[in-house]
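Counting in the working numbering, the sequence shown runs from 454 upward without gaps.
Don't be surprised by glycine CBs; every beta carbon is placed ideally from N, CA and C.
It should be emphasised that the depicted structure is a prediction, and the values quoted were computed from it without experimental measurement.
Heads up: the structure comes next, in structure tokens.
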Amino acid sequence: MTDRLQNNPRTLRPARDAGPGIPPTARQRQDVRAACRDYAARCALTPPLPLDALVRHGRAALTEAGLAHQFEEFAAVILSNELWRPTVAAVPMNRRMLLLPQCLRLAPSCKADVDPLGLTCRRCGGCAIGDFETEAQRLGYVTLVAEGSPVVMSLIQSGQVQAVIGVSCLATLRSVYPYMEAAAVPGIALPLLQDGCVDTSLDEDWLWEALYASSDAGGCIDLQALRTQVESWFTPEAIDDIFGDVAGPADELARAWLARAGKRWRPLLTVCAAAALSGQSGEATGELHTLAMAVECFHKASLIHDDIEDADASRYGEQTLHQSHGVPIALNVGDLLLGQGYRLIAQCGAAPERMAAMLLAASNGHRDLCLGQGRELAWTNMAAEKQPPWHPRSTGVPPVLPVSDILEIHRMKTAPAFQVALELGAIYGGAGEDVLKALASYSQALGAAYQIHDDLADESDGGLSILPSLAAERPDQDPRAAAEALLSGFKRRAIDALGGLTNVALKGLCRRVLAAIFNDLGRMGCCDDHSR
Numbered sequence: 454m455t456d457r458l459q460n461n462p463r464t465l466r467p468a469r470d471a472g473p474g475i476p477p478t479a480r481q482r483q484d485v486r487a488a489c490r491d492y493a494a495r496c497a498l499t500p501p502l503p504l505d506a507l508v509r510h511g512r513a514a515l516t517e518a519g520l521a522h523q524f525e526e527f528a529a530v531i532l533s534n535e536l537w538r539p540t541v542a543a544v545p546m547n548r549r550m551l552l553l554p555q556c557l558r559l560a561p562s563c564k565a566d567v568d569p570l571g572l573t574c575r576r577c578g579g580c581a582i583g584d585f586e587t588e589a590q591r592l593g594y595v596t597l598v599a600e601g602s603p604v605v606m607s608l609i610q611s612g613q614v615q616a617v618i619g620v621s622c623l624a625t626l627r628s629v630y631p632y633m634e635a636a637a638v639p640g641i642a643l644p645l646l647q648d649g650c651v652d653t654s655l656d657e658d659w660l661w662e663a664l665y666a667s668s669d670a671g672g673c674i675d676l677q678a679l680r681t682q683v684e685s686w687f688t689p690e691a692i693d694d695i696f697g698d699v700a701g702p703a704d705e706l707a708r709a710w711l712a713r714a715g716k717r718w719r720p721l722l723t724v725c726a727a728a729a730l731s732g733q734s735g736e737a738t739g740e741l742h743t744l745a746m747a748v749e750c751f752h753k754a755s756l757i758h759d760d761i762e763d764a765d766a767s768r769y770g771e772q773t774l775h776q777s778h779g780v781p782i783a784l785n786v787g788d789l790l791l792g793q794g795y796r797l798i799a800q801c802g803a804a805p806e807r808m809a810a811m812l813l814a815a816s817n818g819h820r821d822l823c824l825g826q827g828r829e830l831a832w833t834n835m836a837a838e839k840q841p842p843w844h845p846r847s848t849g850v851p852p853v854l855p856v857s858d859i860l861e862i863h864r865m866k867t868a869p870a871f872q873v874a875l876e877l878g879a880i881y882g883g884a885g886e887d888v889l890k891a892l893a894s895y896s897q898a899l900g901a902a903y904q905i906h907d908d909l910a911d912e913s914d915g916g917l918s919i920l921p922s923l924a925a926e927r928p929d930q931d932p933r934a935a936a937e938a939l940l941s942g943f944k945r946r947a948i949d950a951l952g953g954l955t956n957v958a959l960k961g962l963c964r965r966v967l968a969a970i971f972n973d974l975g976r977m978g979c980c981d982d983h984s985r
């Protein structure tokens with residue numbers, strides 16, 4: 454690699470010292486890298502880690518190696534690289550992106566064309582961009598020479614790109630990292646040695662090494678491929694293949710309800726959790742297909758019952774089942790789907806001990822959901838009691854529950870939907886108790902956060918909301934601000950719960966689910982956004 458670069462003379466650029474926070478010599482940067490590599494190997498950390506955790510561990514790595522703390526932010530980037538390196542190496546090169554900054558070019562003499570999507574290099578040999586881009590494209594990479602283009606995140610979210618190798622200054626890496634961490638994007642970041650968006654440079658050997666990294670090890674789920682496969686399972690024909698001959702009018706309605714529109718998050722979570730733990734990220738087996746169908750049966754049954762209890766008139770842009778066919782028929786179809794779900798688990802082909810564990814997980818989730826819904830229905834009945842205006846106990850408003858009671862209802866009602874889907878896939882994939890415990894903690898925090906987020910999005914739906922309770926218990930605080938703080942706290946609890954997972958693919962999946970639900974992924978800014 455080095456010989457080839459020496460045969461391609463570059464235009465001389467002004468010599469610039471390393472910027473703030475960057476070790477000034479190549480030897481010092483290698484020392485930091487060695488310290489981070491050793492620390493990562495010994496501490497068995499699993500990515501993704503939040504930025505504050507990376508900085509903390511980076512500082513610890515420097516301390517153990519006797520190196521200066523002034524480089525802790527640089528060390529955090531390098532430590533993240535070492536944690537992600539095996540996963541990036543396992544991603545096919547045609548599913549990786551190389552992202553280079555325009556400031557690597559020699560600006561005054563550069564003849565490249567620049568448009569809203571980035572820079573189109575003319576391969577003049579005056580800077581490193583042409584060399585890196587040419588070789589990366591030969592290897593199959595998607596390449597982009599741009600600063601924070603929204604194209605990057607759209608490609609990541611679409612599944613076309615599963616890993617990113619990027620070059621940028623520390624300030625940009627600091628601002629972009631939360632997006633990458635939220636999306637659980639495997640990545641290797643090469644810090645520029647200078648900032649200021651002009652005449653910058655990097656340790657080029659480090660970038661060549663990252664580009665050629667290759668491994669047969671697992672660790673990356675092809676989420677888009679699995680999503681496409683799961684969606685194909687819910688056509689009327691595919692449902693008939695699993696259920697067999699139609700057994701009567703109730704069965705016919707149940708199948709039609711299963712085929713209705715939906716995000717299919719829960720069966721997808723089941724399939725992805727199993728794939729992550731089994732190391733098989735390709736096409737899901739027939740057994741897993743059956744298990745995923747069971748999860749969707751449970752979900753669609755809960756929607757039928759929930760629509761009845763909440764007196765909702767529409768779902769998916771159509772009439773709810775009880776509106777179109779009456780409450781008795783809707784209740785029966787919901788019960789039938791529950792029975793189908795348990796039957797499918799028993800027929801999925803898993804080993805007896807795993808099947809028993811899956812049935813227990815599903816029944817526990819079903820029980821918790823009903824208990825949580827029962828508490829909310831009790832509140833609804835109290836709220837619906839009509840007292841004459843002159844009655845001494847008449848308040849004119851529904852009773853306000855303590856915040857702790859509402860959070861418990863949220864936990865019981867919403868957490869099981871995520872927990873059962875993840876646990877069934879994890880158990881099928883051979884998860885131990887430590888994994889199931891982490892998934893339970895994650896699901897409970899996620900469920901609470903989900904309901905608070907829903908309360909903030911729609912205060913006027915007439916249902917149980919945490920906002921009036923916060924207003925009553927914390928009169929000195931704005932209730933929306935208090936709810937936002939609670940939401941942030943539960944999201945953080947969910948992220949912290951993932952610290953108990955050592956499987957990179959499963960941890961990444963859960964982190965991406967959290968980001969997707971709360972729309973934490975946004976446009977990556979330009980390299981000078983941090984200063985605006």
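Item: Cα-Cα separation between L623 and A868, rounded to whole angstroms; Value: 38 angstroms
Item: Segment contact flag, the stretch 544-554 with the stretch 499-509, C-beta cutoff 8 angstroms, min 3 pairs; Value: no
Item: Integer-rounded CB distance, given that G511 should sit under 8 angstroms from L536; Value: The Cβ separation is near 11 angstroms, so there is no contact.
Item: Continuous beta strand (DSSP E) stretch holding S621: start and end; Value: 616-621
Item: Proximity of C725 and L789 at Cβ, strictly below 8 angstroms; Value: no
Item: Anticipated Cβ contact below 8 angstroms, L451 with R768, distance rounded; Value: Outside the shown range of the chain (454 to 985) lies residue 451, about which nothing can therefore be said.
Item: Contact belief for S621 with L592 at Cβ below 8 angstroms, rounded distance in angstroms; Value: Incorrect: roughly 21 angstroms between the Cβ atoms, too far for contact.
Item: Helix, strand or coil at A691 [DSSP, three-state]; Value: helix
Item: Alpha carbon of A803 to alpha carbon of T738, nearest angstrom; Value: 12 angstroms
Item: Close beta carbons around N460, own chain, < 8 angstroms, minus the five adjacent residues each side; Value: Because N460 carries a pLDDT of 44, less than 50, the predicted location of this residue cannot be relied on, and the following value inherits that uncertainty. Same-chain partners within the cutoff: there are none.
Item: Reduced DSSP secondary structure (H/G/I, E/B, other) of I475; Value: coil
Item: Those runs of the alpha helix (DSSP H) which lie wholly inside the stretch 708-740 and span at least 4 residues; Value: 718-731
Item: Cβ-Cβ separation, W718 to K753 (assumed contact under 8 angstroms), whole Å; Value: With a Cβ gap of about 13 angstroms, K753 and W718 do not count as contacting.
Item: Anticipated Cβ contact below 8 angstroms, A712 with I692, distance rounded; Value: 6 angstroms
Item: Through-space distance from W686 to E771, alpha-carbon basis; Value: 21 angstroms
Item: Validate contact between the stretch 850-867 and the stretch 893-912 using beta carbons, cut 8 angstroms, 3 pairs; Value: yes
Item: Simplified DSSP state of L655, which is helix, strand or coil; Value: coil
Item: E517, buried or exposed, once every other Cβ within 10 Å from all chains shown has been counted against 16; Value: exposed
Item: Endpoints, alpha helix (DSSP H) assigned at R548; Value: No alpha helix (DSSP H) holds R548; DSSP gives it neither H nor E.
Item: Contact check, A513 vs Y492, beta carbons under 8 angstroms; Value: yes
Item: Beta-bridge pairing of T596 - partner residues as DSSP gives them; Value: L551
Item: Counterpart residues of I641 in DSSP-defined beta bridges; Value: I618
Item: Cross-strand partners of R768 (DSSP beta bridge); Value: E771
Item: T688, buried or exposed, once every other Cβ within 10 Å from all chains shown has been counted against 16; Value: exposed
Item: Residues near P842 by beta carbon distance below 6 angstroms, same chain, minus five either side; Value: Since pLDDT at P842 reaches only 44, below the 50 mark, its modelled position is unreliable, and no value is offered.
Item: The alpha helix (DSSP H) enclosing V873, as first and last residue numbers; Value: 856-881
Item: Candidates A925, M633, A714, I582: closest to V614 by CA position; Value: M633
Item: Cβ pair D656, L643 closer than 8 angstroms; Value: yes
Item: For G720, the nearest candidate out of R480, S731, C750, G701 (CA to CA); Value: Going by the sequence as given, residue 720 is Pro instead of Gly. Checking every option, the nearest Cα to that of P720 belongs to C750.
Item: Assigned secondary structure, F971 (DSSP; H/G/I helix, E/B strand, else coil); Value: coil
Item: Own chain residues within Cβ distance below 8 angstroms of L962, not counting five before or after; Value: A637, I674, L676, L722, C725, A726, A729
Item: Nearest-angstrom Cα separation, counted from Y594 out to D484; Value: 30 angstroms
Item: Presumed contact (8 angstroms Cβ cut-off) between I905 and L940, rounded CB distance; Value: 5 angstroms
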